[in-house]
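Working notes, beginning with the structure itself.
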Amino acid sequence: MANPGIAVLALGGTIAMRPVDAGAVPSLCAEDLVAMLPEGAARLVAKVENFRQLPGAHLSLDDLVALAARIEEMYRGGAVHGFVVVQGTDTIEETVFALEILLSGPAPVVVTGAMRHAGQVSPDGAANISNSLQLAASLQARDRGAMVCFNDEIHPAWAVQKTSATNPSAFSSPGLGPIGHVIEGRPRFLATTERWPSVCSGPLANKPAKVAIVTASLGEGPDLLSAVAGSAYQGLVVQATGAGHLPQAWVEPLGRLAKEIPVVLATRVSRGPVLGGTYAFPGSESDLLSRGLISAGFLCASKARILLSMALAAGCGETQLRTLFDRP
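Residue numbers for the sequence shown follow my numbering, beginning at 1 and rising by one.
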């Protein structure tokens, strides 16, 4: 551990809650969370900040832009060399990917939380924060971008998803698996994944663009596309079935919409990418891509929305958008 000076930024969530008569509510500050840590982890903490105190579901894209700007400001100050963001688990997969594409420096950024609040049996918050601090302080974590550290596992920002609503092992990277583990307080990496490129060279100057997600299902018509077309949305992510397939009735409306705003084609399947040219029927991936839709590749719809929103806010045009989404 050669990078002392880790900042802990708390956003709220289950990890900062205690039970009252009606259920768990926010009640713990960042200082309380650090006070629960073992000495070996606590001594890595150089700064503690209560950035927000909200359930994960209440965070906004504006909060994430402000968080990235705060991390950049603290890093440029020189006293902090890594960051641990503590928040509610509902939106960790979106926060970590937003930080991945809004930051470009070498400092490790680790996002974590807890599935069990402090009033439950065997709360997991202290263990997750402790492991995240060890990861953020590791030389091996530098230049890897943003990561999630949860239940002793390390996951890359672009792949990680919340795949269990209640289990302490709530996070996984479908089709990839963890890229490392924290064992006996030491991060051990098993693989190196390519870091997603940032959409801007400094703090995002504009508000995140308004981007909708519409999910396809069996027998469902494209009615919601009209609502998107007639509103202030600047982009759309379509969560298709299978490897990027939609009912035939969606084809023409989507083709028209793709001429007006960027439309990204993602899949509701958690493992595997949107294909490029295996099928050719109307509404197949090759048909939709030929009509101007942009493939999300391996990105799930929630991350595709984050990328499209932030890239549009950064002023990226169609060519830049396609390059940002076209990753291995």
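Note that CB positions come from ideal geometry on N, CA and C, so glycine has one too. Quantities reported herein were computed from a predicted structural model and do not represent experimental measurements.
Looking at the DSSP output, I6 bridges to V45, G82. A check of alpha carbon separations from P168 across D152, P156, V160, A159 identifies D152 as the nearest.
Per the Cβ contact rule, the stretch 207 to 225 is in contact with the stretch 298 to 318 (3 or more Cβ pairs under 8 Å). Short of 7 Å from the beta carbon of G180, and not among the five residues preceding or following it, lie these beta carbons of its own chain, in chain order: I154, P187, R188, F189, L190.
The three-state reading of DSSP puts R291 in coil, since its state is none of H, G, I, E or B. Here H181 carries a strand assignment [DSSP, helix/strand/coil].
Per DSSP, L99 lies in no beta strand (DSSP E); the unbroken alpha helix (DSSP H) holding it starts and ends at 92 to 102.
Pairing R322 with F298 gives a Cβ-Cβ distance that is not under 9 Å. When DSSP reads this structure, M310 sits in no beta bridge, so it has no partner. A distance below 8 Å between beta-carbons, with the five flanking residues on each side excluded, links L204 to the following residues of its chain, in chain order: V65, A68, A69, L102, M310, A313, A314.
Taken through DSSP and simplified to helix, strand or coil, H155 comes out as strand. Residue range 318 to 325 is occupied by the alpha helix (DSSP H) that includes F325.
Distance check between V34 and each of V8, E93, L289 places V8 closest, using alpha-carbon atoms only.
Just measuring C-alpha positions, the residue of T241, L289, I6, G272 sitting nearest G77 is I6. Residue nearest to P38 within the set N128, G23, L224, C29 is N128 (criterion: CA-CA distance). When DSSP reads this structure, V237 sits in a beta bridge with I213, V264. Residue environment for G230: exposed (fewer than 16 other C-beta atoms within 10 angstroms of its C-beta). Taking S290 as reference, the option from T319, G255, R271, I306 with the minimal CA-CA separation is G255. Between A243 and P273, the CB-CB gap stays under 9 Å. Taking 8 Å as the upper bound for CB-CB distance, T163 and M115 are not in contact here, some 12 Å apart. The beta carbon of A98 is closer than 6 Å to those of L64, I306 in its chain, skipping five residues each way along the sequence. No residue range can be given for V274, since it is assigned to no beta strand (DSSP E) and is classified by DSSP as neither H nor E.
Residue pairing by DSSP puts R186 in a beta bridge opposite I183. Taking V237 as the centre and dropping the five residues before and after it, the same chain places the C-beta of I213, V264, A266, A301, A304, R305 closer than 6 Å to its C-beta, in chain order.
Counted as a single uninterrupted DSSP element, the alpha helix (DSSP H) harbouring M74 occupies residues 61 to 77. Annotated three-state conformation of K162 is strand, per DSSP. The beta-carbon separation of V84 and S132, rounded to 5 Å, stays under the 8 Å limit for a contact.
Within the same chain, G119 come within 6 Å of P19 by CB-CB distance, once the 5 residues on both sides are set aside. Residue pairing for H245: DSSP places it in a beta bridge opposite T241.
S172 is bridged by DSSP to Q161.
No Cβ-Cβ contact shorter than 9 Å links A170 with V109. Assigned with DSSP and collapsed to three states, V199 falls in coil, not helix or strand.
Cβ-Cβ separation between L59 and T91: approximately 6 Å, consistent with a contact (criterion under 8 Å).
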